[in-house]
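Asks: Residue numbers (the numbering used here): 1 to 394. All C-beta atoms, glycine included, are put in the ideal place defined by N, C-alpha and C. I have a structure I would like to understand better, so I am pasting it below and will then ask my questions one at a time.
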């Protein structure tokens, strides 16, 4: 196996089991290493530290082993089996819940690999070329360990760096296809959703909001609700099934509006108590005359890189300020950020600034997080990406 040697004193992060090795820590690498190769990392004094996939990038090695194990098919099968057992122990998978995340990258010790399960469909997304090169092995293992899986779809064309997409002519494709279905209906806490893994955002659904949608449903009775950035209408469905008086779903995408309308029809043919609105969220909130009891702000990640963190914070602040100004007295604001580079403390400070600008009294009722099938690697704080607050606005 090929070898990477570190500069003196640069092993500290790996001794703390952080799964990323940055290029600035490297003293020497073996010749003829190709991006995606498995390499072993050693200290300047030739002591073994970790094993991972190499890439010629800022994050040079994504680490999946600190124990110097033999990296064979059994190694990967054991990792995936552990992930399956974790889900069985930590979340409900039954006739009312058949959608969950099976592999959560660093959270499951498989950096750069995401696998979401939609009933009989598994959808892969890779962020590491090394993991992508192992996709067929992973498909074989998941077929073996989860025999109900009939389709495995690799959706990595837009998640891998462009240089690899071009070099390997990467396209979204089926690794396993035992039937020709292109969409499926899944159940989450008894709520029905249509999943389009080929054309939908991410892998087809935002699984990470499952527990937060449930909380909303429990608080929505007799409330008038605005769900911004609604996508498939997850929060809207929970609000309606929770007894909301009226729900408005807002998104700037026609595809999202069509999808939410389809999901609403599953629970009511006439769309009673529901209105879909295609408009930019900020533009709508600026001019809205309707006073809502509950507003959900669940925007896409405004900051995917540290360089745009300040700009992203300003965007979050403008959005939250407007919502706090416009919400009905004693209303509830569910506000979220899924930007990895914005941590919980920074997010709360942004909300404080918004409340000051809006000139209203605001209380935090609950802090919200990602669910147990999106485990957080304690040695990798970056894996805690989803943060949210339920605010009461007087």
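With C-beta atoms as the reference, is residue 41 less than 9 Å away from residue 53?
Replies: In this structure, residue 53 does not lie closer than 9 Å to residue 41 by Cβ.
Asks: Going by alpha carbons, who is nearest to residue 291 out of 225, 145, 142, 129?
Replies: Checked all of 225, 145, 142, 129; the closest Cα to residue 291 is 225.
Asks: How would you label residue 130, buried or exposed, when you count the other beta carbons within 10 angstroms and need 16 or more for buried?
Replies: Counting Cβ neighbours within 10 Å, residue 130 comes out buried, since at least 16 surround it.
Asks: Taking residue 289 as the reference, give the member of 275, 259, 327, 260 with the closest Cα.
Replies: The shortest C-alpha separation from residue 289 is found at 327.
Asks: Which runs of the beta strand (DSSP E) spanning at least 3 residues fall entirely within the segment 60-118, listed in chain order?
Replies: Segments of the beta strand (DSSP E) lying fully in the segment 60-118: 99-104, 113-118.
Asks: Buried or exposed: residue 74, going by 16 or more other Cβ atoms within 10 Å of its Cβ?
Replies: The residue is exposed, with fewer than 16 neighbouring Cβ atoms inside 10 Å.
Asks: Could you have a look at residue 160 and say whether DSSP puts it in helix, strand or coil?
Replies: Three-state DSSP puts residue 160 in coil, outside helix and strand.
Asks: Would you please state the rounded distance, in angstroms, between the beta carbons of residue 391 and residue 353? I believe it to be under 8 Å.
Replies: The Cβ separation is near 13 Å, so there is no contact.
Asks: To which residues of the same chain is residue 278 closer than 7 Å at the C-beta, ignoring the five residues directly before and after it?
Replies: So the qualifying residues of the chain are 251, 252, 254, 257.
Asks: Check each candidate in 149, 170, 150 and name the one with the smallest Cα separation from residue 158.
Replies: Comparing Cα positions, the closest option is 170.
Asks: Between which two residues does the alpha helix (DSSP H) containing residue 331 stretch?
Replies: From DSSP, residue 331 is part of no alpha helix (DSSP H) but of the beta strand (DSSP E) over 331-337.
Asks: Against chain B, does residue 281 count as a neighbour if the rule is that its beta carbon must be under 9 Å from one of theirs?
Replies: This model lacks chain B altogether; it includes just one protein chain.
Asks: For residue 329, verify whether its CB is less than 8 Å away from any heavy atom of the ligand FAD.
Replies: The ligand FAD is absent from the structure shown, which contains no ligand whatsoever.
Asks: Three-state secondary structure (DSSP) at residue 341?
Replies: Coil.
Asks: Give a yes or no on whether the C-beta atoms belonging to residue 223 and residue 244 are separated by under 9 Å.
Replies: Yes, they are a contact pair.
Asks: Where does the unbroken beta strand (DSSP E) through residue 51 begin, and where does it stop?
Replies: Residues 48-54.
Asks: When the Cα of residue 119 is compared with those of 381, 105, 101, 134, which residue comes out closest?
Replies: Of 381, 105, 101, 134, the residue nearest in Cα terms is 101.
Asks: In three-state DSSP terms, what is residue 177?
Replies: Of the three classes helix, strand and coil, the one that applies to residue 177 here is strand, per DSSP.
Asks: From the DSSP output, in three-state form, read off residue 148 for me.
Replies: It is coil, neither helix nor strand.
Asks: Compare the beta carbon distance of residue 179 and residue 150 with 9 Å and say whether it is the shorter of the two.
Replies: Yes.
Asks: To the nearest angstrom, how far is the alpha carbon of residue 138 from that of residue 91?
Replies: Spanning the two alpha carbons is a distance of roughly 22 Å.
Asks: Below 8 Å, can you find three or more Cβ-Cβ pairs linking the segment 371-378 to the segment 331-343?
Replies: No contact exists between the segment 371-378 and the segment 331-343.
Asks: Bridge partners for residue 5 per DSSP, in chain order?
Replies: Residue 5 pairs with 28, 42.
Asks: In angstroms, rounded to a whole number, what distance separates the CA positions of residue 77 and residue 284?
Replies: The alpha-carbon atoms of residue 77 and residue 284 are separated by roughly 49 Å.
Asks: Residue 68: buried (16+ other C-beta within 10 angstroms of its C-beta) or exposed?
Replies: By the 10 Å Cβ count, residue 68 comes out exposed.
Asks: In angstroms, rounded to a whole number, what distance separates the CA positions of residue 103 and residue 219?
Replies: So the two alpha carbons sit approximately 31 Å from each other.
Asks: Note down the Cα distance separating residue 265 from residue 29, rounded to an integer number of angstroms.
Replies: Computed Cα separation, rounded: 58 Å.
Asks: By the 10 Å Cβ neighbour count, where 16 or more other Cβ atoms means buried, how is residue 113 classified, buried or exposed?
Replies: By the 10 Å Cβ count, residue 113 comes out buried.
Asks: How many Å lie between residue 403 and residue 175 at the Cα?
Replies: Lying before the first or after the last residue shown, residue 403 is absent from the chain, which here runs from 1 to 394.
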